[in-house]
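Read through the structure below, which is laid out as structure tokens, and then see the notes.
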Amino acid sequence: MIVVGITGKIAAGKSTIAHFFKEKNFPVFDADFEARKLQETAAQIQRKIQKKFPNVFDKKGKLDRQKLRFEVLKNDSSLRDMEEIIFPEVKKKAINFISQNKYSPFIVLDVPLMWGSGIDILCDEIFYIETSETCRHKRISERGFLSLEELRRIEKRQKQEENNLTDKVLVLRGDISLLETKLLLDSYLRKKGLIR
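Residue numbering for the sequence shown follows this note's numbering, starting at 2 and increasing by one per position.
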């Protein structure tokens, strides 16, 4: 079994790469999805969030994700607090995902903050998706859900991840054509003996 991580800055093209592997019927773990699910459904996580960020729940006790994002991205300390709540639980989910798919020859972990979450140690190799700032910012503005200040704070945090690029990291361009990306990934899977 090969466990491969996918990481990179916001709007780098991580989801596109993950989707490619999903289409090949390989199991793909989505850390963002799991983090959202934990925030919305796990009582112990909600209690911890409420303790640190009491203003992010409505009168019925439902988490307001927009308020939470605003609070978390206010300063570095708030961001660290949220990471301390979420990262250990997401890592547990990733470990469980690998265990559930142990008979698959190839498993993908799509994790925006690969090293910050500690999930890198679960990976045999990591794809770091490198995309120009211009391209990423264009994609973000098309999505229209982040302010410039929020984007800067996220990028500052993700910049720290670049310090961890090692031999097990394969850098892949995220601003090339979809066809070029598919050809590169097909070639990678062929070399691993996973497709013909």
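Where a beta carbon is used, it is the ideal one built from N, C-alpha and C, also for glycine.
Beta-carbon proximity check, residue i vs residue j, cutoff 8 Å
| i | j | result |
| --- | --- | --- |
| Phe27 | Phe98 | no |
| Ala32 | Ser118 | yes |
| Glu85 | Trp116 | no |
| Ile11 | Glu143 | no |
| Lys68 | Ile196 | no |
| Leu173 | Val4 | no |
Nearest to residue i (by Cα), restricted to the options the options
| i | options | result |
| --- | --- | --- |
| Gln45 | Glu90, Ile141, Leu180, Gly119 | Glu90 |
| Gln159 | Glu134, Ile177, Arg197 | Glu134 |
| Thr17 | Lys49, Leu64, Thr132, Lys53 | Thr132 |
| Lys139 | Leu184, Leu152, Leu114, Asp59 | Leu152 |
| Lys75 | Ser178, Leu190, Arg154 | Arg154 |
Residue span of the beta strand (DSSP E) that contains residue i, given as start and end
| i | result |
| --- | --- |
| Leu110 | 107-111 |
| Ile7 | 3-9 |
| Arg174 | 170-174 |
| Glu131 | 126-131 |
Residues near residue i in its chain [Cβ-Cβ closer than 6 Å; skip 5 each side]
| i | result |
| --- | --- |
| Ile87 | Ala36 |
| Asn164 | none |
Chain-order list of residues whose beta-carbon lies under 7 Å from that of residue i (same chain, five-residue window excluded)
| i | result |
| --- | --- |
| Val29 | Ala19, Phe22, Lys23, Val109, Asp111 |
| Arg137 | Lys10, Ile11, Ala12, Ala13 |
| Glu41 | Leu64 |
| Val73 | Ser79, Leu80, Met83 |
| Leu147 | Ile141 |
| Phe54 | Leu69, Glu72 |
First through last residue of the alpha helix (DSSP H) which encompasses residue i
| i | result |
| --- | --- |
| Ile46 | 44-53 |
| Phe22 | 15-24 |
Sequence-distant residues of the same chain with beta carbon closer than 8 Å to residue i, five excluded per side
| i | result |
| --- | --- |
| Ser105 | Met2, Phe27, Pro28 |
| Ile120 | Gly6, Ala32, Val91, Lys92, Ala95, Leu110, Val112 |
| Lys15 | Ile7, Thr8, Gly9, Asp111, Pro113, Ile130, Gly175 |
| Ile127 | Val5, Gly6, Ile7, Thr8, Met115, Asp121, Lys169, Val170, Leu171 |
With 16 other Cβ atoms within 10 Å as the buried cut-off, status of residue i
| i | result |
| --- | --- |
| Lys93 | exposed |
| Lys60 | exposed |
| Ile177 | exposed |
| Thr182 | buried |
| Gln101 | exposed |
| Leu39 | buried |
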